[in-house]
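Chemist:
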Amino acid sequence: MKRYTLRREPAAAATQFRIPYADELNPRQLEAVTALDGPVLVIAGAGSGKTRTLVYRVARLVESGIPPAQILLLTFTRKAAEEMLRRASALVGGSCAQIAGGTFHSFAHRTLRRHGELVGIASSFSILDRGDSEDVIGLVRGELALDRKERRFPRKQTLAEIFSMAVNKGTTVVDLVTAAYPHLVEELPDLLRVYARYTEFKEAKQLLDYDDLLVRLRNALAERTELAARLGREYRYLMVDEYQDTNALQADIVRLLAAPHGNVMVVGDDAQSIYAFRGADFRNILAFPTLFPAARVVTLDQNYRSTPPILDLANEIINRAPHRYTKNLFSERAPGDKPGLVRALTEPEQSRFVAQRILELREEGVPLQDIAVLFRSSFHSFDLELELGRRDIPFVKRGGFRFIETAHVKDVLAHLRVVANPADAVSWNRILLLLDGVGPKKAGDILATLAGPAPWERLAEARARGQSAAALARLADVLADVSRTADPGEQVSRVLAYYEPVLRRVYRDDHPKRTRDLEHFASIACRYRATGQLLADMALEPPTDSVGGILAAGDEDEGLVTLSTIHSAKGLEWHTVFVLWAADGRFPSPYTVGDDADLEEERRLMYVAVTRAKDLLYLTYPIEIWDRGAGVVFGKPSRFIADLDEEILEPIALVDEEP
DNA sequence: GTTTACGCATCCCCG
DNA sequence: ATGCGTAAAC
0 MKRYTLRREP AAAATQFRIP YADELNPRQL EAVTALDGPV LVIAGAGSGK
50 TRTLVYRVAR LVESGIPPAQ ILLLTFTRKA AEEMLRRASA LVGGSCAQIA
100 GGTFHSFAHR TLRRHGELVG IASSFSILDR GDSEDVIGLV RGELALDRKE
150 RRFPRKQTLA EIFSMAVNKG TTVVDLVTAA YPHLVEELPD LLRVYARYTE
200 FKEAKQLLDY DDLLVRLRNA LAERTELAAR LGREYRYLMV DEYQDTNALQ
250 ADIVRLLAAP HGNVMVVGDD AQSIYAFRGA DFRNILAFPT LFPAARVVTL
300 DQNYRSTPPI LDLANEIINR APHRYTKNLF SERAPGDKPG LVRALTEPEQ
350 SRFVAQRILE LREEGVPLQD IAVLFRSSFH SFDLELELGR RDIPFVKRGG
400 FRFIETAHVK DVLAHLRVVA NPADAVSWNR ILLLLDGVGP KKAGDILATL
450 AGPAPWERLA EARARGQSAA ALARLADVLA DVSRTADPGE QVSRVLAYYE
500 PVLRRVYRDD HPKRTRDLEH FASIACRYRA TGQLLADMAL EPPTDSVGGI
550 LAAGDEDEGL VTLSTIHSAK GLEWHTVFVL WAADGRFPSP YTVGDDADLE
600 EERRLMYVAV TRAKDLLYLT YPIEIWDRGA GVVFGKPSRF IADLDEEILE
650 PIALVDEEP
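If you count by numbering that gives the first Met the number 0, then the first sequence holds residues 0 to 658, one letter each, in order.
1. Taking the straight line between their C-alpha atoms, what separation do you get for Y3 and T102?
2. Going by DSSP, which residues form a beta bridge with N302?
3. Just the Cα atoms here: how many angstroms apart are R17 and L72?
4. Tell me whether R390 sits in a helix, a strand or coil according to DSSP, three-state version.
5. Going by DSSP, what residues sit across from L678 in a beta bridge?
6. Looking only at its chain, what residues have a beta carbon closer than 6 angstroms to the beta carbon of F520, apart from the 5 residues adjacent to it on each side?
7. Reducing DSSP to helix, strand and coil, say where S377 ends up.
8. Do you know offhand how far L550's Cα is from V395's?
9. So for S105, helix, strand or coil by DSSP?
10. Looking only at C-alpha atoms, which of I284, E233 and A227 sits nearest to A258?
11. Assuming Y706 and V263 make a contact with CB atoms under 8 angstroms, what is their CB distance in whole Å?
12. Note down, in chain order, each residue of its chain lying with its Cβ closer than 8 angstroms to the Cβ of D435, except the 5 sequence neighbours on either side.
13. Starting from the C-beta of D554, find all residues in its chain whose C-beta is less than 8 angstroms away, skip the five residues before and the five after it, and write them out in chain order.
14. Am I right that V172 and L183 are in contact with their C-beta atoms under 8 angstroms? What's the rounded C-beta distance?
15. DSSP beta-bridge partners for K396?
16. As a quick exercise: from M164, Y236, V266 and V139, pick the residue whose alpha carbon is nearest that of A247.
17. Go to D22, then tell me how far its alpha helix (DSSP H) extends in each direction, as first and last residue.
18. What three-state label does DSSP hand W455 in the structure shown?
19. Which of the three DSSP states, helix, strand or coil, is assigned to F287?
20. Could you tell me how far apart the beta carbons of R611 and E572 are, in whole angstroms, since I believe they sit closer than 8 angstroms?
21. Can you round the beta-carbon distance between Y234 and L206 to whole angstroms, since I take them to be within the 8 angstroms contact cut?
22. Let me know the beta strand (DSSP E) ranges lying completely inside the region 594 to 651, each 3 residues or longer, listed in chain order.
23. Note down, in chain order, each residue of its chain lying with its Cβ closer than 8 angstroms to the Cβ of N327, except the 5 sequence neighbours on either side.
24. Using DSSP with H/G/I as helix, E/B as strand and the rest coil, what is R661?
25. What does the Cβ neighbour count give for K512, buried or exposed, with the cut at 16 atoms within 10 Å?
26. Using a Cβ-Cβ cutoff of less than 8 angstroms, which residues in the same chain neighbour A596 once the five nearest sequence positions on both sides are dropped?
27. Sorted by chain position, which residues of the same chain lie with C-beta nearer than 7 angstroms to Q425's C-beta, five sequence neighbours on each side aside?
28. Which word fits E202, buried or exposed, when buried means at least 16 other C-beta atoms lie within 10 angstroms of its C-beta?
29. Since G698 and I622 should fall inside the 8 angstroms C-beta cutoff, what is the C-beta to C-beta distance between them, to a whole number of angstroms?
30. So which of T345, D244 and L310 has the shortest CA-CA distance to A608?
31. Taking 6 angstroms as the limit between beta carbons, can you name the residues of its chain near A31, skipping five residues before and five after?
Take a look at the structure:
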């Protein structure tokens, strides 16, 4: 082996690779795949073989003798990373399992668990999801007595949004409020008090919110050069997918991780940036060559996914933007059906059309799993879900409110979390409030007495004075009991045995449905070996199924129609795509019409939606729209597709087919 | 003084 | 359907 690598003859190099890269990739893809060293920027249009390029590049690195453990692949979801590594493994005929992959947040989490002590982070820290952060902020707001003011002080959700946005955009709360929330400038002193107290609270209780994971990693890399050097040796090849949806903080982390060796490839598409609402900035991808002046830039603009008529519509949508994007896509696929703009009278008629067409397509041989219905907001599909239910069309819903975010699942998680991190005051608060006779005040008092390891033993002392004695004693017992095992499945079943009666009392009316969610959660927990990993995954990579989207296993043989928000459909494709509610006032969302930048993001969202379709595309809207304030309003097609030539988007009027 | 029950507005997209 | 503010109940 060594003998061959010492010889630099071209012939030897050619036999080094088993995969015929040049045959299986187009010239641009090949260029991106074979440029192993140094910074590379790949601008990859929708359906241009972006994933294929990343997969082949992983294979190429491995075939070139790079140990898989030295490759780090950052993606938007863990599923995306797993899928790419699976495909790469199949290509090289070996396992790529040692390749580190996942989201920025999960990578930050792993790194801080391993090296956090360097920067003063206890390895038992808990992660606050968005709801937890809001709970803490609400707690702090109450503590500072800002909730009793006559004047209107922002709600905890608004506060969380402001704080998070400031961090992710790399600006200060003062600057952000001045620029984006001018009506709150007068409240700035109190906003800053809440922010300071929130930060203090997290610090004291070993809590990190989503933003902290990134901030603390960035700071650790910037301040501890030995850590940056160590990670540089550990991960010598860095790849980042969906780079257009990174924010300033993430770009900084990429810069610091790549600094020791400069081997970094980022891949993305400025026209598909749809996460500005949480601080992402598509200018990151355009600025990459400035950050890495040696960067080689490769543009992939041949689309292999969609028929030319679908691509024409996509290009038309994006070309009407005031700002020019970096490329125009072309396709060499055979021509196909024109995209249709379907005008329905009412929302139920829109639902009937979609359901009807799905059944016809199934008759024509399109399997249900090759069909998707996409929409701007999760609630846009409620009526359709009922219609599909009536017709026994099985579906799975992605995006929107997830079962992991329901109160009862969070309750159970909170019990596990206090055992894992006894300092986790948010979870303590949550489980104490469930007890009969305990409200905010008493929960706060009890919390104050609980410090140090295994605090459930001191719960017995708090019991001495108070009539909620029995409830506290039961809680103390179950926590002690849970702490005696390390098996996640066993821990959950012990918590559930205790929680079941609590559930019945707190959610009197609808506990059967909630019990089903908990059974689902228990089955997830049983798949884990360590509770720490379970908790981290539930915070960072929660199951994407929505509430009620869990179907019987038998349905899967037949296939399921996918209902998804456009955000959750990123990177996916289907034979047929319906875009529901392509109506002005829904899409773009009314929240965005005042702001040019927000409106442009909506346009990109529409672009993402239509580029998910391979062969058939329908955009639908009802002309009668129910508005809370104004009653029935006359609906018009979304401004992004209005006034298009009929050659591009074919209007379809419905004749009522209902009996 | 605290907790709880009830009626009221509000509800996008997400790691 | 959850999250808030206010009024009754412990």
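Every residue gets a Cβ at the ideal spot worked out from N, C-alpha and C, and that includes glycine.
Modeler: Considering the structure as presented:
1. Stepping through the first sequence from its first residue, residue 3 is reached at position 4. Stepping through the first sequence from its first residue, residue 102 is reached at position 103. The predicted position of Y3 is uncertain, since its pLDDT is 39 and thus under 50; a value taken from the coordinates is nonetheless stated next. Cα-Cα distance, rounded: 37 angstroms.
2. Within the first sequence, the letter at position 303 stands for residue 302. Partner(s): S330.
3. As a first step, residue 17 must be located in the first sequence, where it is residue number 18. As a first step, residue 72 must be located in the first sequence, where it is residue number 73. The C-alpha of L72 is placed about 23 angstroms away from the C-alpha of R17.
4. Here residue 390 corresponds to residue number 391 of the first sequence, with the count starting at 1. Here R390 sits in coil by DSSP.
5. There is no way to answer for residue 678, as the model of the chain reaches only from 0 to 658.
6. Walking along the first sequence from the start, residue 520 turns up at place 521. Correct list, in chain order: V408.
7. The sequence position of residue 377 within the first sequence is 378, counting from 1. The three-state reading of DSSP puts S377 in helix, counting H, G and I together.
8. For the purposes of this step, residue 550 is identified with residue 551 of the first sequence, where counting begins at 1. For the purposes of this step, residue 395 is identified with residue 396 of the first sequence, where counting begins at 1. Per-residue confidence for L550 stands at a pLDDT of 43, beneath the threshold of 50, marking its modelled position as unreliable; the derived number appears in the next sentence. Cα to Cα, L550 sits roughly 8 angstroms from V395.
9. Your numbering for residue 105 matches position 106 in the first sequence. Note: S105 maps to helix in three-state DSSP.
10. Counted from its first residue, the first sequence places residue 258 at position 259. In this structure, A227 is the residue among I284, E233 and A227 with its C-alpha nearest to the C-alpha of A258.
11. With the chain covering 0 to 658 only, the question about residue 706 has no answer from this structure.
12. Counting from 1 along the first sequence, the entry for residue 435 is found at position 436. Closer than 8 angstroms at the Cβ level, and outside the excluded window around D435, lie S467, A470 and R504.
13. For the purposes of this step, residue 554 is taken as residue 555 along the first sequence, with counting starting at 1. Confidence in D554 is poor, its pLDDT being 46 and thus under 50, which makes the residue's placement too unreliable to answer from.
14. Start at 1 with the first residue of the first sequence, and residue 172 comes out as number 173. Start at 1 with the first residue of the first sequence, and residue 183 comes out as number 184. A Cβ-Cβ distance of about 10 angstroms is found for the pair V172 and L183, leaving them out of contact under the 8 angstroms criterion.
15. Counting from 1 along the first sequence, the entry for residue 396 is found at position 397. Answer is L562, bridged to K396.
16. Against the first sequence, residue 247 aligns to sequence position 248. Considering only alpha carbons, the answer is M164.
17. One-based indexing of the first sequence puts residue 22 at position 23. Y20 to E23 is the span of the alpha helix (DSSP H), which, as asked, contains D22.
18. The residue given as residue 455 occupies position 456 in the first sequence. Three-state DSSP puts W455 in a helix.
19. Numbered from 1 along the first sequence, position 288 holds the residue referred to as residue 287. Residue state, collapsed to three classes: helix.
20. Residue numbering aside, residue 611 sits at position 612 when the first sequence is read from its first letter. Residue numbering aside, residue 572 sits at position 573 when the first sequence is read from its first letter. That belief holds up - the Cβ atoms of R611 and E572 are roughly 5 angstroms apart, short of 8 angstroms.
21. Looking up residue 234 in the first sequence gives position 235. Looking up residue 206 in the first sequence gives position 207. Not a contact, Cβ separation roughly 28 angstroms.
22. 612 to 621, 623 to 626 and 630 to 633
23. The residue labelled residue 327 in the question sits at position 328 within the first sequence. Once the five neighbours on either side are set aside, the close Cβ partners of N327 are D300, N314 and N318.
24. The first residue shown for the chain is 0 and the last is 658, placing residue 661 beyond what the model contains.
25. Here the question's residue 512 lines up with position 513 in the first sequence. Per the 10 Å Cβ criterion, exposed.
26. Here residue 596 refers to the residue found at position 597 of the first sequence. Cβ neighbours of A596 beyond the five flanking positions: A275.
27. Position 426 of the first sequence, counting from 1, holds the residue named residue 425. The question names Gln, yet the displayed sequence has Val at residue 425. Excluding residues within five positions, the ones whose Cβ falls inside 7 angstroms are L127, D131, D134, V135 and L206.
28. Here residue 202 refers to the residue found at position 203 when the first sequence is read from its first residue. With fewer than 16 Cβ atoms within 10 Å of its Cβ, E202 is classed as exposed.
29. Here the chain has residues from 0 to 658 only, and residue 698 is not among them.
30. Walking along the first sequence from the start, residue 608 turns up at place 609. Nearest option by C-alpha distance: L310.
31. Within the first sequence, numbered from 1, the residue matching residue 31 stands at position 32. Only V41, T52 and V297 meet the Cβ criterion.
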